[in-house]
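All letters in the sequence shown, in the order written, are residues -22 to -1, 1 to 174 by mature numbering (1 follows the signal peptide of the UniProt record, and there is no 0).
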Amino acid sequence: MKAVKLFASIVFAALFINVAVADKGKKSVALNVDTKGSKIHWLAKKVTGQHEGNINIANGSLTVDGGKVTGGNFTIDMKSIVCTDITDAGYNQKFISHITTGDFFEVEKFPTAAFKITKVVGETITGDLTIKGITKSVTFPAKISVKGTAATATASIPVDRTDFGVKYGSKKFFDQIGDKAIEDIFTLDVTLVAGK
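This is the structure in structure tokens:
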């Protein structure tokens, strides 16, 4: 009788462990990025001033496990880029036409850019950023919040455009450019909102 009880106890314990492991596996969920609630603001500087604007997020997801963001990705619609600080309509159109050509982001050939999280340590994110078909690893601090089946992440990501083949107006490649120089680093302020 004792042997039967012992056997039953072992079987019960094994079932309990299997269920617990299965439940643990179910905690990892992919939350879809809300493309309307999410946004990217860009800022680029030059010797004589700066320009800024917005770019749309086409799609993406954040992976949440145990109440923490552990992974994710998003796609940027490069054709949606706008400049918000140039008020003259004609000049604004000329500016956008220029930065979407081969001198800068060549959006007809590369209509999207992308970011994929490869590691999250505390509130530091490392991931692969792809622009113009070139992928580079970038690391930056982020503010991350997970509440139930909703997650938000905000970050300011400095990007060296020359790493992605965007050399126009860079002092690295044009020594005598003077006050027409454009800074190599531009900033992407990203806000991701994701949920079920």
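We put the beta carbon where it would ideally sit given N, CA and C, even for glycine.
Report the rounded CA-to-CA distance for residue i versus residue j, giving the unit in angstroms.
i	j	result
residue 118	residue 100	11 Å
residue 43	residue 160	41 Å
residue 177	residue 9	Because the chain spans -22 through 174 in this model, residue 177 falls outside it and cannot be assessed.
residue 53	residue 92	4 Å
residue 34	residue 162	22 Å
residue 59	residue 20	9 Å
residue 87	residue 149	26 Å
residue 173	residue 167	20 Å
residue 69	residue 126	46 Å
residue 75	residue 66	14 Å
residue 146	residue 155	10 Å
residue 64	residue 128	36 Å
Taking the beta carbon of residue i as the centre, do at least 16 other beta carbons fall within 10 Å, making it buried, or is it exposed?
i	result
residue 115	exposed
residue 16	buried
residue 79	exposed
residue 164	buried
residue 142	buried
My understanding is that residue i touches residue j, with C-beta atoms under 8 Å, so please give their C-beta distance in whole angstroms.
i	j	result
residue 196	residue 137	Past the boundaries of the shown model lies residue 196; the chain is included only from -22 to 174, so the question cannot be answered.
residue 50	residue 95	5 Å
residue 11	residue 170	6 Å
residue 47	residue 98	6 Å
Going by DSSP in three states, residue i sits in which element: helix, strand or coil?
i	result
residue 120	strand
residue 93	strand
residue 173	strand
residue 71	helix
residue 48	strand
residue 14	coil
residue 152	coil
residue 83	coil
residue 63	coil
residue 158	helix
residue 88	coil
residue 140	helix
Stretch-stretch touch, CB-based, cutoff 8 Å, three pairs: the stretch 16 to 28 with the stretch 100 to 111:
no
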